Amino acid sequence: MTVNDAARPSVTQIVNNAVAQCKQETNGSEYDMALWLHDWTLDQLEYDHSLNWCSAESGLTRHQSTCESYQRIYSKLLDAAGIANGRITGNGHTWNAVKIDDKWCQMDLTWDDTSNNWYRDLDQRHLYFGLTDELMAIAHSDHTANYQKGDYAYRSTDLSNNYFVRNGKADEWAEKYAGRIQQHLNAKEESISIDADNQSFPPSISGIQNGIVAYAMNLREWKTGKSNAAIQAVSNFKTCSSTSWEVTFDFTVKYTNEKRTVGQSRQTARFSI
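Numbering-wise (this note's numbering), the sequence shown opens with residue 50 and increments by one.
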């Protein structure tokens, strides 16, 4: 028997209504819809510390959820919106893989749903939106074995759909290091290491943030004198004790000199490799 009660909509109705609203309030791109549905899901749920409510149905009707419920609800929403997605597990936890513009990325809505939304200017509510496999494995160590399997279906290697890359925040963070990096470039150093500014953050947070910042650093154009500088930045952290660690950015640099052919004016000179 089917009962139609506007006060008690079915899970399918709730999902379809949310997706319809999403399409009205976004430009319809996969990224914008995935972000809207991510935020909508977090607005509906509170984490169930009793671990009793694990289904999409319980999450959408009782608004209490475990990681299983977060993952299942987001998957239902993405399916209804026509966005490919998959389920990832590790460390007794589960989260989503999402395909945006033909590129897989990792999303963990459970860990994004925090009441302590900010570390300085880091919005924790979107820290796990659009990660690579490597960065997600910083939070969930079992994932390293997942993504190294040859038959792994959701390989996520690109940060172009990361929340902080897309909204420009990653480049703002990279800018804070620009002066320090430039000093080393002006000295024509080919191997550089500088301390990260988020030493006090837990490694599970600083490691992910700095991986995103390193990506933004690599996208920037760097110059010194008449040379282009192609940098390859990576973030690293070293555990010193159970309560202390060192967090750095390490760089390798290749310099490209400006060359001019005979008869070529200074204005038309090009950089060559």
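Built from N, CA and C at the ideal position, the CB exists for glycine as well.
Just so we're clear, the structure is a prediction, and the values are computed from it rather than from any experiment.
{"Query": "Supposed contact pair residue 94 and residue 162 - C-beta distance, whole angstroms, cut 8 Å", "Result": "6 Å"}
{"Query": "Beta-carbon proximity check, residue 205 vs residue 140, cutoff 8 Å", "Result": "no"}
{"Query": "Nearest candidate by alpha-carbon position, reference residue 176, set 126, 226 and 87", "Result": "87"}
{"Query": "Beta-carbon spacing of residue 194, residue 127 below 8 Å", "Result": "no"}
{"Query": "Euclidean distance between Cα positions of residue 160 and residue 178", "Result": "10 Å"}
{"Query": "Residue 233 - containing alpha helix (DSSP H), residue span", "Result": "227-235"}
{"Query": "DSSP three-state assignment for residue 177, whether helix, strand or coil", "Result": "coil"}
{"Query": "Neighbour-count burial assignment, residue 62, 16 or more Cβ in a 10 Å radius", "Result": "exposed"}
{"Query": "For residue 284, three-class secondary structure by DSSP", "Result": "strand"}
{"Query": "DSSP beta-bridge partners of residue 302", "Result": "280"}
{"Query": "Residue 154 versus residue 260: straight-line alpha-carbon distance, rounded", "Result": "14 Å"}
{"Query": "Residue interval of the beta strand (DSSP E) (run including residue 152)", "Result": "152-156"}
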